[in-house]
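Quick note, the sequences are listed as chains A and B, same order.
Quick note, this note's numbering runs 11 ahead of the 1-based positions in the first sequence.
Quick note, this note's numbering runs 11 ahead of the 1-based positions in the second sequence.
Number of protein chains: 2
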Amino acid sequence: MLEQVVLDQKAGKREYDEKVEAFERKLGELQRELRELAVPVVIVFEGWDAAGKGTMINRLMQALDPRGFSVYPISAPTVEEARRPFLWRFWTRTPERGRIAIFDRSWYGRVLTERIDKLVDKKTWQASYEKIRSFERQLADDGAVVLKFFLHISKKEQKKRFLELEANPVMSWKVTNYDWKHHRQYEKYTQAIEDMLAQTDTAFAPWTIVESHDRRFATLKVFSTAIRAFTERIQPRREANGSTGASAAVKESAPQAPAEAGLNGTSLLDSVNLSRTLTRRAYERKLDEYQERVRELEHQIYLRRVPVVILYEGWDAAGKGGNIKRVTKLMDPRGYEVIPVGAPNDVEKSHHYLWRFWARLPKAGHITVFDRSWYGRVLVERVEGFCSPEEWKRAYREINEMEEQLVSFGAVLVKFWLQIDEQEQLKRFTERQEMDWKQWKITPEDWRNREKWSVYKTAVEEMLARTSTSYAPWTIVESNCKLYARIKTLQTVIKSIEGKLG
Amino acid sequence: MLEQVVLDQKAGKREYDEKVEAFERKLGELQRELRELAVPVVIVFEGWDAAGKGTMINRLMQALDPRGFSVYPISAPTVEEARRPFLWRFWTRTPERGRIAIFDRSWYGRVLTERIDKLVDKKTWQASYEKIRSFERQLADDGAVVLKFFLHISKKEQKKRFLELEANPVMSWKVTNYDWKHHRQYEKYTQAIEDMLAQTDTAFAPWTIVESHDRRFATLKVFSTAIRAFTERIQPRREANGSTGASAAVKESAPQAPAEAGLNGTSLLDSVNLSRTLTRRAYERKLDEYQERVRELEHQIYLRRVPVVILYEGWDAAGKGGNIKRVTKLMDPRGYEVIPVGAPNDVEKSHHYLWRFWARLPKAGHITVFDRSWYGRVLVERVEGFCSPEEWKRAYREINEMEEQLVSFGAVLVKFWLQIDEQEQLKRFTERQEMDWKQWKITPEDWRNREKWSVYKTAVEEMLARTSTSYAPWTIVESNCKLYARIKTLQTVIKSIEGKLG
Numbered sequence: 012m013l014e015q016v017v018l019d020q021k022a023g024k025r026e027y028d029e030k031v032e033a034f035e036r037k038l039g040e041l042q043r044e045l046r047e048l049a050v051p052v053v054i055v056f057e058g059w060d061a062a063g064k065g066t067m068i069n070r071l072m073q074a075l076d077p078r079g080f081s082v083y084p085i086s087a088p089t090v091e092e093a094r095r096p097f098l099w100r101f102w103t104r105t106p107e108r109g110r111i112a113i114f115d116r117s118w119y120g121r122v123l124t125e126r127i128d129k130l131v132d133k134k135t136w137q138a139s140y141e142k143i144r145s146f147e148r149q150l151a152d153d154g155a156v157v158l159k160f161f162l163h164i165s166k167k168e169q170k171k172r173f174l175e176l177e178a179n180p181v182m183s184w185k186v187t188n189y190d191w192k193h194h195r196q197y198e199k200y201t202q203a204i205e206d207m208l209a210q211t212d213t214a215f216a217p218w219t220i221v222e223s224h225d226r227r228f229a230t231l232k233v234f235s236t237a238i239r240a241f242t243e244r245i246q247p248r249r250e251a252n253g254s255t256g257a258s259a260a261v262k263e264s265a266p267q268a269p270a271e272a273g274l275n276g277t278s279l280l281d282s283v284n285l286s287r288t289l290t291r292r293a294y295e296r297k298l299d300e301y302q303e304r305v306r307e308l309e310h311q312i313y314l315r316r317v318p319v320v321i322l323y324e325g326w327d328a329a330g331k332g333g334n335i336k337r338v339t340k341l342m343d344p345r346g347y348e349v350i351p352v353g354a355p356n357d358v359e360k361s362h363h364y365l366w367r368f369w370a371r372l373p374k375a376g377h378i379t380v381f382d383r384s385w386y387g388r389v390l391v392e393r394v395e396g397f398c399s400p401e402e403w404k405r406a407y408r409e410i411n412e413m414e415e416q417l418v419s420f421g422a423v424l425v426k427f428w429l430q431i432d433e434q435e436q437l438k439r440f441t442e443r444q445e446m447d448w449k450q451w452k453i454t455p456e457d458w459r460n461r462e463k464w465s466v467y468k469t470a471v472e473e474m475l476a477r478t479s480t481s482y483a484p485w486t487i488v489e490s491n492c493k494l495y496a497r498i499k500t501l502q503t504v505i506k507s508i509e510g511k512l513g
Numbered sequence: 012m013l014e015q016v017v018l019d020q021k022a023g024k025r026e027y028d029e030k031v032e033a034f035e036r037k038l039g040e041l042q043r044e045l046r047e048l049a050v051p052v053v054i055v056f057e058g059w060d061a062a063g064k065g066t067m068i069n070r071l072m073q074a075l076d077p078r079g080f081s082v083y084p085i086s087a088p089t090v091e092e093a094r095r096p097f098l099w100r101f102w103t104r105t106p107e108r109g110r111i112a113i114f115d116r117s118w119y120g121r122v123l124t125e126r127i128d129k130l131v132d133k134k135t136w137q138a139s140y141e142k143i144r145s146f147e148r149q150l151a152d153d154g155a156v157v158l159k160f161f162l163h164i165s166k167k168e169q170k171k172r173f174l175e176l177e178a179n180p181v182m183s184w185k186v187t188n189y190d191w192k193h194h195r196q197y198e199k200y201t202q203a204i205e206d207m208l209a210q211t212d213t214a215f216a217p218w219t220i221v222e223s224h225d226r227r228f229a230t231l232k233v234f235s236t237a238i239r240a241f242t243e244r245i246q247p248r249r250e251a252n253g254s255t256g257a258s259a260a261v262k263e264s265a266p267q268a269p270a271e272a273g274l275n276g277t278s279l280l281d282s283v284n285l286s287r288t289l290t291r292r293a294y295e296r297k298l299d300e301y302q303e304r305v306r307e308l309e310h311q312i313y314l315r316r317v318p319v320v321i322l323y324e325g326w327d328a329a330g331k332g333g334n335i336k337r338v339t340k341l342m343d344p345r346g347y348e349v350i351p352v353g354a355p356n357d358v359e360k361s362h363h364y365l366w367r368f369w370a371r372l373p374k375a376g377h378i379t380v381f382d383r384s385w386y387g388r389v390l391v392e393r394v395e396g397f398c399s400p401e402e403w404k405r406a407y408r409e410i411n412e413m414e415e416q417l418v419s420f421g422a423v424l425v426k427f428w429l430q431i432d433e434q435e436q437l438k439r440f441t442e443r444q445e446m447d448w449k450q451w452k453i454t455p456e457d458w459r460n461r462e463k464w465s466v467y468k469t470a471v472e473e474m475l476a477r478t479s480t481s482y483a484p485w486t487i488v489e490s491n492c493k494l495y496a497r498i499k500t501l502q503t504v505i506k507s508i509e510g511k512l513g
């Protein structure tokens with residue numbers, strides 16, 4: 012593939028001067044339109060060392076309004092970054108709607124340098140193609156333009172440029188032994204690059220190979236490619252006259268929700284045995300023991316660098332808060348965090364809905380407890396119409412993919428649904444209203460949600476069916492008896508962590 | 012000081028059980044009130060190893076609504092953190108209004124462990140007392156409650172606890188040689204702690220020494236101290252019936268703005284010689300040379316790990332954007348970033364106004380160009396009434412303090428005021444309106460601001476007078492001729508960096 016590229020294409024100075032100014036102006040215009048349409052843009056630059064990525068990015072920056080983009084130079088992950096799933100540092104840098112994120116090198120490092128330098132094993136880099144496709148598809152489905160450029164030069168040209176740099180006393184430090192080593196591995200890299208192109212050149216995130224011997228030619232190609240892609244995105248939106256949905260092209264490539272396997276007409280929630288109880292005496296005996304054990308396990312996962320995610324969903328007043336307090340009671344605060352999830356703030360709203368959760372994933376060795384979670388997408392956002400049916404239907408797959416990445420990174424993931432019945436909820440609401448110091452816990456919104464019990468129930472059942480996976484099963488916690496529920500969650504957490512530690 | 016503390020104070024189990032539940036409930040209530048009043052709270056826990064900080068923090072967490080606080084365990088700075096001024100990692104973690112930030116160890120590490128272990132030199136830790144006082148005063152002036160607890164145990168008690176931990180197979184890993192080394196240095200630490208208490212026990216951020224031999228006693232003391240501090244803050248606010256200004260206590264401790272030195276009645280701006288020009292030929296000859304030089308210097312500051320901050324302020328249409336493009340034209344995008352500063356978003360608004368700038372300071376070896384800056388506080392926010400007179404008057408000192416920290420950390424700081432006169436601005440506005448592709452650059456707001464020229468002028472003059480310091484002087488750039496202005500800023504940047512590199 013790469014060897015068929017005609018590298019010596021050129022643009023004359025006159026042609027360049029004529030075109031480049033018009034291109035720059037056009038890019039500025041399109042950037043403003045994309046901003047108005049709230050389209051996020053991701054631009055990736057990969058390429059051979061000395062192919063001119065830095066210069067190219069700077070030219071692009073000059074054409075753009077600096078209020079609307081950020082540039083992220085990517086090198087080896089920091090210690091903090093290496094303790095999260097590998098896409099974490101990229102997810103957290105995805106742009107707000109209407110902004111452009113430019114990556115100088117990117118997540119493709121995993122299948123290029125990290126592969127060649129054997130920083131990850133074969134299974135890991137091979138598995139990352141799927142994760143990368145999923146990442147880019149999720150962004151595209153959310154409305155992003157994803158552009159990927161590979162700046163290509165020949166081995167001979169690279170050598171020439173290295174020697175030139177070395178001859179320049181100010182620049183010579185930029186060429187290291189490491190660069191020469193990579194130069195000698197040019198053919199090996201070629202193989203990796205071709206694999207990468209074959210595996211990740213998709214309709215929603217296409218690669219453009221940029222012949223980069225001549226910098227003017229390369230610049231014009233990058234600019235014109237960006238102009239074409241931006242225009243294609245803007246055109247249908249303009250015609251749709253302000254519709255904010257994803258473009259037609261993206262819609263086509265959006266995956267279908269998986270078939271309704273597991274939804275067999277009977278109600279899972281109705282079959283939960285809510286009569287399970289525990290005496291206070293049995294509860295207190297076990298509580299201390301389990302809390303001590305959780306603290307021990309917290310230390311062990313810290314030493315073994317295992318990340319742990321525990322998430323709670325459940326009906327209002329099902330007892331999530333009290334349950335979390337019991338599970339974390341004896342934990343060392345240096346090792347865990349409770350993240351209560353409410354409505355997204357302005358900044359969060361202008362990102363992909365999973366962005367704020369990616370950002371809060373624990374680092375290896377730590378525990379994060381989510382009090383409500385990303386499942387809000389298929390619960391409250393679905394029921395209240397905060398997202399479109401297309402969006403919440405797509406979310407099952409997106410969530411499964413995120414959880415798969417967590418688990419394949421080595422995390423323990425525990426998901427609790429706290430189940431109570433309608434009568435029990437009514438009892439607890441009434442109690443709260445009557446007890447002076449608990450009144451703040453009950454709001455008119457709680458009563459409104461209660462009226463939608465059956466709509467929520469449908470959403471919960473579908474969620475449980477579609478997102479109970481082999482790697483991330485749900486645990487339904489019978490919670491009419493709070494004592495029983497607390498002991499069950501403690502037991503489940505202990506068993507899950509012990510299972511991981513082996 | 013410390014030796015006079017009576018360490019063996021105790022609370023009986025009955026007394027504890029009686030009080031603790033009421034305290035917890037009260038803390039929960041006060042937390043909700045502080046949230047409603049949008050009061051940020053900072054709680055610092057320092058103390059001897061094994062004094063029980065972790066357990067104490069966990070108890071406090073159990074009493075609080077998890078939606079309203081974050082816990083930050085602080086250890087040695089990461090590589091990323093070490094490349095910024097030492098308070099950077101704490102500034103970026105200061106709480107939003109209405110939230111509580113709990114620090115498990117803190118910025119006091121600099122004058123404790125870092126001092127004793129000689130990780131910083133004497134001059135550095137001594138200078139940090141002033142920086143710490145400034146940091147805490149700025150937070151308090153912004154309305155924060157700042158509480159600092161020191162958990163105190165005797166050397167004998169510490170030894171006993173270490174031995175107990177070591178005897179427990181699950182916990183023994185927590186006691187390291189390093190801990191024993193610190194134990195042997197108990198007296199040396201005592202000296203450092205007493206210095207710290209003497210230097211940083213202020214009215215706006217008082218220390219509380221917690222006698223921690225008896226955990227029940229310690230818990231009750233921490234809880235009751237917090238309750239008292241929160242109540243004291245809430246009381247006057249309640250009485251003021253919803254006033255959002257700082258409390259009376261804080262007002263008293265707020266510093267006065269410095270005397271009007273430097274404002275001698277004559278206008279600095281009027282005396283700027285705006286007739287300075289440059290021919291295009293002279294411009295182009297110098298431009299290339301200077302841009303090349305800036306690129307070389309960018310590489311050198313990268314190698315020498317010098318952070319560089321270049322900030323631009325100036326009249327609308329003074330040419331900031333075009334000027335920045337020329338200065339950054341040949342820079343390597345991996346080494347610099349342009350931060351355009353507009354109105355703060357919701358999250359930024361709910362923090363101290365300097366928070367978003369602290370967060371964007373460059374790491375050592377990088378260049379950040381601010382297109383508008385923290386000076387918005389004393390310009391647009393002052394003129395448009397977005398902050399109170401008390402707030403913008405206080406800001407001169409706060410800004411000087413922040414810049415002093417930057418410079419004493421080793422940064423190059425260049426501040427440009429781009430000066431044009433009213434006629435020139437009118438000419439440029441009109442031009443923009445007439446040129447098709449520049450129309451987006453001119454808004455009704457620009458015309459409105461123009462009408463306030465003289466009010467802005469007063470603010471600019473005062474800003475220049477009050478924030479031109481020996482360590483961070485302003486450079487006024489005569490900008491009626493854009494070519495002249497660009498060459499002058501390039502020259503100034505070059506000279507400043509060269510001066511630093513020596």
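For each residue, glycine too, the CB sits at the ideal point set by N, CA and C.
DSSP puts residue i in a beta bridge; with which residues?
i	result
Phe80(B)	Ile111(B)
Glu489(B)	Gln430(B)
Tyr323(B)	Asp382(B) and Phe427(B)
Ile350(A)	Phe381(A)
Trp118(B)	Partner(s): none; Trp118(B) has no beta bridge.
Give the C-beta separation of residue i and residue j to the nearest angstrom, bearing in mind that I take them to be a contact with Cβ-Cβ under 8 Å.
i	j	result
Ala521(B)	Val488(B)	Because chain B here runs from 12 to 513, residue 521(B) falls outside it and cannot be looked at.
Ala151(B)	Ala216(B)	6 Å
Phe381(B)	Tyr467(B)	Contact flag wrong, Cβ pair sits at about 19 Å.
Glu472(B)	Leu279(B)	6 Å
Residue i by DSSP, collapsed to three states: which one?
i	result
Phe161(A)	strand
Val389(B)	helix
Glu401(A)	helix
Glu29(A)	helix
Asp60(A)	coil
Ile85(B)	coil
Ile54(B)	strand
Ile410(A)	helix
Gln15(A)	helix
Three CB pairs or more closer than 8 Å across the region 155-174 of chain A and the region 217-233 of chain A: yes
The region 342-361 of chain A touching the region 57-72 of chain B, judged by at least three CB pairs closer than 8 Å: yes
Inter-stretch contact (C-beta, 8 Å, three-pair minimum) for the region 320-340 of chain B and the region 490-509 of chain B: yes
The region 443-458 of chain B contacting the region 384-398 of chain B, beta-carbon criterion three pairs below 8 Å: no
Residues, ordered as in the chain, of the region 291-311 of chain A that lie near chain B by beta-carbon distance below 7 Å: Glu307 and His310
At least 3 beta-carbon pairs within less than 8 Å: the region 95-111 of chain B vs the region 362-371 of chain B: yes
Cβ-based contacts, 8 Å cut-off: residues of the region 151-183 of chain B near chain A: Val181 and Met182
Short-range partners of chain A found in the region 409-439 of chain B, where Cβ spacing is below 8 Å: none
Chain-ordered residues of the region 69-83 of chain B with a beta carbon less than 7 Å from chain A: Asn69, Met72, Gln73, Pro77, Arg78 and Val82
Three-pair Cβ contact test at 8 Å for the region 18-34 of chain B versus the region 417-434 of chain A: no
Residues, ordered as in the chain, of the region 482-511 of chain A that lie near chain B by beta-carbon distance below 9 Å: none
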